[in-house]
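**Q** Quick one: this structure, given as structure tokens, is what I'll be asking you about.
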Amino acid sequence: MKVNYFDLGLYSGEEMKQMLYHFFPQVGATDYSAYGFEACEAFYDFCRDELKDNENVKIHHMAINDKNEDLTATKNINHIQKFLLVHGFEILKCCVDLKNNILTDFQITKTGEQKRYEVTKGIVFSEWLKNNVPDFKE
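Residue numbering for the sequence shown follows numbering that gives the first Met the number 0, beginning at 0 and increasing consecutively.
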């Protein structure tokens, strides 16, 4: 039996890794395709690097939306810093210009809180599914 697995907000990719490397082997699922979506570029880069050796996995830097249009997302730097503490230095390269020792792509808001603004491609999942997973059956 073919399994199509979709993770619509990867964050650190832990749920996908649990499915691929623990659950699927327990149930004997060897014929699978896994698709991960992550709107935050830093988290996307981390997951892409973590899962790059699995040819059955495709990671997309996209946001699930009700329209196929770009979205501007605001990310709280504290959320990214917490992620750094849990997952270590590898993700840091996405957020810091190491040569100049500064945070990149961050702005100070009126309240003084640091925020990150990024534009991400928004997709309607049902349309993406029809166009990108030919063996998917409704």
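All C-beta atoms in this analysis are idealised placements derived from N, C-alpha and C, irrespective of residue type, glycine included. Every value quoted in this text rests on a predicted model; they were computed, and no experiment measured them.
1. What residue range does the alpha helix (DSSP H) around Ala41 cover?
2. Just the C-alpha distance for Gly12 and Ala38, rounded to the nearest angstrom, thanks.
3. How many Å lie between Ile107 and Glu40 at the Cα?
4. Considering only their Cβ atoms, is the gap separating Val2 from Tyr34 smaller than 7 Å?
5. Helix, strand or coil, according to DSSP, for Phe154 in the structure here?
6. Run the CB neighbour count on Glu49, radius 10 Å, all protein chains shown included, and call it buried at 16 or more, exposed below.
7. Name the one or two DSSP bridge partners that Ala28 has.
8. Considering Cα atoms alone, identify which of Lys16, His60 and Pro133 is closest to Lys120.
9. Near Asn67, what residues of its chain come up, given a Cβ to Cβ distance below 6 Å and the 5 sequence neighbours on each side ignored?
10. In or out: Phe42 buried (at least 16 other Cβ within 10 Å) or exposed?
**A** Inspection of the coordinates gives the following:
1. Run containing Ala41: Glu40 to Leu50, per the alpha helix (DSSP H) assignment.
2. The straight-line gap separating the alpha-carbon atoms of Gly12 and Ala38 is approximately 13 Å.
3. Because the pLDDT at Ile107 is just 34, under 50, the model does not fix this residue reliably, and the point stays unresolved.
4. With a cutoff of 7 Å on beta-carbon distance, Tyr34 and Val2 are scored as not near each other.
5. Outside the displayed range of the chain (0 to 137) lies residue 154, so it cannot be described from this structure.
6. When all chains shown are included, Glu49 counts as buried.
7. Per DSSP, none; premise fails for Ala28.
8. Among Lys16, His60 and Pro133, the Cα nearest to that of Lys120 is on His60.
9. Excluding positions up to five away in sequence, the list reads Ile122 and Val123.
10. That one is buried.
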